[in-house]
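Peer 1:
Numbering (the numbering used here), first residue to last: 3 to 735.
#1: For residue 260, which residues does DSSP report across the bridge?
#2: Tell me, which residues are paired with residue 539 by DSSP?
#3: Considering only residues of the same chain and omitting the five flanking positions on each side of residue 56, which have a CB-CB separation below 7 Å?
#4: Keeping to the same chain, check which residues put their C-beta closer than 6 Å to that of residue 119; ignore five residues upstream and five downstream.
#5: Between the beta-carbon of residue 87 and the beta-carbon of residue 133, is there less than 7 Å?
#6: Assign residue 628 to one of two classes, buried (16 or more other C-beta atoms within 10 Å of its C-beta) or exposed (fewer than that).
#7: Taking DSSP as the reference, what is the three-state secondary structure of residue 693?
#8: Below 7 Å between beta carbons: does that hold for residue 538 and residue 514?
#9: For residue 569, which option in 651, 264, 642 and 597 has the closest C-alpha, if you only look at C-alpha atoms?
#10: Three or more C-beta pairs under 8 Å: does that hold for the stretch 209-224 against the stretch 302-309?
#11: Any contact of the stretch 471-487 with the stretch 702-718, i.e. 3+ C-beta pairs under 8 Å?
#12: Based on the DSSP secondary-structure assignment, which residues constitute the bridge partners of residue 44?
#13: If the criterion is Cβ atoms closer than 7 Å, does the pair residue 259 and residue 246 meet it?
#14: With a 10 Å radius around its C-beta and 16 neighbouring C-beta atoms as the bar for buried, classify residue 691 as buried or exposed.
#15: Ordered along the chain, which non-local residues of its own chain (more than five positions away) have a Cβ less than 6 Å from that of residue 525?
#16: How big is the Cα-Cα spacing for residue 603 and residue 674?
#17: So the alpha helix (DSSP H) residue 100 belongs to, where does it begin and stop?
#18: Which of the three DSSP states is assigned to residue 661 in this structure?
#19: In whole angstroms, what separates the C-alpha of residue 351 from that of residue 504?
#20: With a threshold of 6 Å on Cβ separation, who are the neighbours of residue 712 within its own chain once the five nearest residues in sequence on each side are excluded?
#21: What's the C-alpha gap between residue 452 and residue 446?
#22: If I follow the unbroken alpha helix (DSSP H) through residue 627, where does it start and stop?
#23: Identify whether residue 498 lies in helix, strand or coil by the three-state DSSP scheme.
#24: Quick one: what's got a C-beta closer than 6 Å to residue 323's C-beta in the same chain, skipping five residues either side?
#25: Out of 254, 111 and 360, which one is the CA nearest neighbour of residue 395?
#26: Check whether the Cβ atoms of residue 2 and residue 472 lie closer than 7 Å to each other.
#27: Mind pulling the beta strand (DSSP E) runs of 3 or more residues that sit fully within the stretch 293-355?
#28: Any idea if residue 185 is buried or exposed, counting beta-carbon neighbours within 10 angstroms, 16 or more meaning buried?
#29: With distances taken Cα to Cα, identify the nearest neighbour of residue 620 among 729, 215 and 574.
#30: Confirm, please, whether the CB-CB distance from residue 154 to residue 131 is below 7 Å.
#31: Count the other C-beta atoms from every protein chain shown that fall within 10 angstroms of the C-beta of residue 572, then say buried if there are 16 or more, exposed otherwise.
#32: Straight-line CA distance for residue 721 to residue 512?
#33: Return the CA-CA distance between residue 646 and residue 637, expressed in angstroms with no decimal places.
#34: Measuring CB to CB, does residue 439 end up less than 7 Å from residue 449?
#35: Taking the C-alpha atoms as reference points, what is the distance between residue 502 and residue 36?
#36: To the nearest angstrom, how far is it from the Cα of residue 606 to the Cα of residue 617?
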């Protein structure tokens with residue numbers, strides 16, 4: 003066990019005599035206290051222009067398109083979303099796409115695409131498409147009642163493509179588009195879209211893929227007829243709408259997915275041979291650099307095997323190029339950290355040695371490029387001419403992602419970014435320019451352009467914590483996080499983060515114990531935590547988080563204990579964190595409240611059931627309560643098929659042990675949630691009531707899995723702390 007650090011980390015430089023109260027209303031208001039948060043930073047094909055989506059100071063959720071001329075050194079707003087937009091409501095399909103991309107709260111411009119000639123940008127807005135010039139001119143390309151989904155400009159810039167009414171449409175750029183896929187007799191058949199589980203769980207929103215020379219296009223077709231129907235209610239303040247949603251719950255049939263290759267006019271269409279077994283996942287699709295081959299990643303239903311298929315685009319015939327199998331009796335984690343190179347070789351991410359690392363596949367042979375008890379999180383770019391590749395990894399510190407470069411032939415990685423920060427990065431196509439985003443525990447996110455050696459060329463958004471920053475008035479009360487480790491029951495090292503208010507000798511403080519606990523998430527990092535946790539600390543609480551086994555970025559053996567056992571080892575590790583808190587002389591052991599949302603909401607229920615009396619109160623937001631209610635790809639990856647391991651599912655739900663909850667409980671859910679549907683909480687309400695267990699609830703009409711906004715977000719947090727006040731989990735007077 004590592005003791006609490008005696009000295010605090012250095013605070014931000016700006017100081018003033020006193021700070022105003024940091025309220026939940028201010029945390030949710032505009033301008034955002036984190037400062038500007040640009041999205042989708044891209045470089046033009048020629049590298050001269052940098053573009054991004056920037057949110058407004060007076061409306062943190064509305065984004066406009068901005069461009070930076072690197073030659074002139076000037077920023078220009080290229081498209082003003084308020085002036086161009088009409089306010090027309092987008093379709094339900096686009097709303098759901100945005101929810102699955104976790105941008106459902108955003109307004110204005112949420113995506114864009116550079117033309118290959120670097121002279122214009124494709125901008126979708128409120129269901130229609132526009133072409134924005136760098137001189138400020140904007141041309142409207144479509145004007146229809148139906149939305150244009152998934153719009154793209156082809157790689158050579160010859161064509162505009164999009165999905166409308168379940169069909170793929172293609173036309174010459176600036177001209178009229180027409181459908182190039184067949185008209186189906188059923189509205190359950192979709193062309194050019196990704197099926198639900200691909201969007202929600204596989205990090206794949208694409209449903210068609212252009213060849214790099216515009217000669218062909220690969221198009222997904224999926225048929226939802228086998229998928230069961232759930233009645234999703236969108237309960238709002240002025241009425242209720244219902245949707246008959248095709249939702250593949252664990253253990254049920256998935257959509258039937260096919261892949262075709264055709265010419266841009268729809269002619270020459272051939273079906274890709276994906277194998278005899280139709281119960282598979284279409285994970286990824288890529289073209290060879292010279293368009294001579296199509297590469298398809300095919301994943302089995304159990305997610306223990308991933309085949310890379312090499313496809314002849316002229317005939318659709320395929321062969322297995324290689325097979326990836328799950329490491330250490332776990333599962334396959336899909337990744338976008340791979341790159342096909344001009345020489346036909348492949349840089350590939352794999353966990354085959356127990357940690358996520360990069361390999362090179364050439365001439366049927368594998369070469370491991372990175373190695374060690376650390377994790378590569380992303381392949382940032384490849385400079386093929388210079389023979390160098392760039393990636394992010396936690397090689398130097400498990401709580402920091404840094405950018406590294408190394409020879410493509412293998413060798414020692416060189417760190418290009420500054421210690422003490424956690425980073426993400428993208429790279430220009432030629433591998434010469436880096437776009438780096440970073441934050442630290444004491445500094446909100448920044449972004450900058452760097453050369454191939456990591457040297458900063460210019461700030462994209464410095465977000466400097468000076469007197470003009472929105473967070474400046476609250477800097478005097480800012481408390482720096484402290485970090486440490488404890489051991490799990492089996493000796494595994496667990497990392498924690500803690501923020502304390504100014505500690506007075508002899509005084510004991512309540513704890514707001516936040517958790518997530520699920521896979522593919524790391525909570526404890528050296529990155530910026532945001533103003534919300536500071537507002538909680540300002541109220542007199544200790545803020546605490548710990549990453550349990552099952553979390554990401556620690557290797558396969560750290561993640562796999564949840565296999566067919568969700569809600570077990572994660573609960574035990576969070577308990578270890580609670581016991582550590584109770585050992586600290588400044589913590590009141592009887593006033594530790596635990597809170598989580600989504601998987602974290604599920605964890606709150608499991609934690610209260612497992613250890614009555616350990617926590618003073620629990621808040622469960624949008625929880626999964628029965629894994630049979632959640633989707634196939636996510637749930638079966640970790641839990642297996644409920645038709646085969648029903649006992650594991652029963653042990654992992656929150657329903658059958660509902661009667662064990664003896665501590666104050668508040669449950670919260672959006673009544674239009676399409677991710678963790680409201681049925682989950684309703685089932686738990688019924689189980690608690692049947693067991694005679696008292697609890698409180700707060701439901702939000704019209705809100706999905708994301709319950710937020712300047713008014714509603716404030717209401718959520720004031721509701722939580724009013725609940726804690728009623729149950730005595732408050733700072734002592």
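From the three backbone atoms N, C-alpha and C, an ideal C-beta is built for every residue, glycine too.
Peer 2: Checking against the coordinates, here is how it stands:
#1: Paired residues: 223.
#2: Note: residue 539 sits in no beta bridge, so no partner.
#3: Excluding residues within five positions, the ones whose Cβ falls inside 7 Å are 38, 40, 65, 66 and 68.
#4: Cβ contact annotation for residue 119 (same chain, cutoff 6 Å, sequence separation greater than five): 159, in chain order.
#5: Between residue 87 and residue 133, the CB-CB gap reaches or exceeds 7 Å.
#6: Its Cβ being crowded by 16 or more others within 10 Å, residue 628 is buried.
#7: Correct three-state label for residue 693: coil.
#8: Cβ distance < 7 Å, so residue 538 and residue 514 count as in contact.
#9: Distances from the alpha-carbon of residue 569 to those of 651, 264, 642 and 597 put 651 closest.
#10: By the Cβ rule, the stretch 209-224 does not count as touching the stretch 302-309, because fewer than three pairs are nearer than 8 Å.
#11: As far as the Cβ criterion goes, the stretch 471-487 does not touch the stretch 702-718, which means the pair count is below three.
#12: In the DSSP output, where bridge partners are listed per residue, residue 44 has 53.
#13: Between residue 259 and residue 246, the C-beta gap is not smaller than 7 Å, which leaves the two residues out of contact.
#14: Exposed.
#15: Answer for residue 525: 518, 547 and 549, listed in chain order.
#16: The straight-line gap from Cα to Cα measures roughly 17 Å.
#17: Note, residue 100: alpha helix (DSSP H), 94-102.
#18: Residue 661: helix per DSSP, three-state reduction.
#19: Roughly 45 Å separates the two Cα atoms.
#20: Result list for residue 712: 30 and 31, in chain order.
#21: Computed Cα separation, rounded: 19 Å.
#22: Counting along the chain, residue 627 falls outside any alpha helix (DSSP H), and DSSP gives it neither H nor E.
#23: Of the three classes helix, strand and coil, the one that applies to residue 498 here is strand, per DSSP.
#24: Excluding positions up to five away in sequence, the list reads 310 and 312.
#25: Closest in C-alpha terms to residue 395, from the list 254, 111 and 360, comes 360.
#26: Residue numbering for the chain in the displayed model covers 3 to 735; residue 2 lies beyond these limits and cannot be assessed.
#27: If we require 3 residues or more, the beta strand (DSSP E) runs fully inside the stretch 293-355 come out as 296-302, 307-313, 320-327 and 348-352.
#28: The residue in question, residue 185, is exposed, as its Cβ has fewer than 16 Cβ neighbours within 10 Å.
#29: Residue 729 is the option with its Cα nearest to residue 620.
#30: Against a cut-off of 7 Å, the Cβ pair of residue 154 and residue 131 comes out as no contact.
#31: Counting Cβ neighbours within 10 Å, residue 572 comes out buried, since at least 16 surround it.
#32: Across the structure, residue 721 and residue 512 are spaced so that their CA atoms are roughly 18 Å apart.
#33: Answer to the nearest angstrom: the Cα atoms are 13 Å apart.
#34: Inclusion of residue 439 and residue 449 in the CB contact set at 7 Å is warranted, their separation being smaller than that value.
#35: Each residue's Cα considered, the two are about 20 Å apart.
#36: Going from the Cα of residue 606 to the Cα of residue 617 covers about 10 Å.
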